[in-house]
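Here the working numbering = 1-based position in the sequence shown + 7.
Note sheet for the following structure.
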Amino acid sequence: TISATNGGIGIYPYTVSLVLIGFGISKESSLAFGWIIWTCQTLMIVTFGAMAFFTLPLINRQK
């Protein structure tokens, strides 16, 4: 799919919020949950990307 913004910032938490509101969770809690999920996913991608950026040249040099 095509994201409306880079990294889904703003759109993803809002969408999660709308879904959770449909299940009866408060607007504030559902929006906070969406931002927490988005932040965790983004940090994971940045962390593993940085690890790969630094370790892959070392691994490929040994071959």
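Ideal Cβ placement from N, Cα and C applies to all residues, glycine included.
Computed from a prediction, not measured in an experiment: that's the story for all the values here.
(message) Closer than 8 angstroms is the cut-off here; do at least three beta carbon pairs connect the segment 52-70 with the segment 24-38?
(response) no
(request) Could you spell out the range, first to last residue, of the alpha helix (DSSP H) harbouring Ile66? (result) Residue 66 sits at position 59 when you count from the first residue of the sequence shown. Its alpha helix (DSSP H) spans residues 34-68.
(message) Please state the DSSP three-state secondary structure of Ile28.
(response) The count along the sequence shown starts at 1 and reaches residue 28 at position 21. Reduced to three states, the DSSP call for Ile28 is helix.
(message) Rounded to whole angstroms, what is the Cα-Cα separation between Ile32 and Pro20?
(response) Counting from 1 along the sequence shown, the entry for residue 32 is found at position 25. Counting from 1 along the sequence shown, the entry for residue 20 is found at position 13. If I take the Cα positions, the gap works out to 14 angstroms.
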